[in-house]
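K.L.:
This is the structure I have questions about; it appears just below.
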């Protein structure tokens, strides 16, 4: 068996739910590069991404407010 931790550039398959601090749902952001890289296959984690690991001071107009902290519940399913 190979490594169960993802390598840089490797495709990962995950199941996730992302929410804003107020509970509304959003999309994937670059904070995942840090969080998912520390997960192993089959592991579940809650990634809490501060604005500097998410959409920053601009947010995503109409969807993500400026300076929003995002929370993602993630399960790493497999590596490809």
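Residue numbers (my numbering): 38 to 117.
The C-beta atom is built at its ideal place from N, Cα and C for all residues, glycine as well.
Keep in mind that this is a model prediction, so the values were computed, not measured.
Hey, residue 49 and residue 73 are a contact pair by Cβ (cut 8 Å); roughly how many whole angstroms apart?
P.N.:
Sure, about 6 Å apart at Cβ, within 8 Å.
K.L.:
Which of the three DSSP states, helix, strand or coil, is assigned to residue 100?
P.N.:
Coil at residue 100, not helix or strand.
K.L.:
Can you pull the DSSP bridge partners for residue 85?
P.N.:
108.
K.L.:
With DSSP run on the structure shown, which of helix, strand or coil describes residue 73?
P.N.:
The answer is helix: DSSP assigns residue 73 an H, G or I state.
K.L.:
Start and end of the beta strand (DSSP E) containing residue 53?
P.N.:
From DSSP, the beta strand (DSSP E) with residue 53 extends over 49–57.
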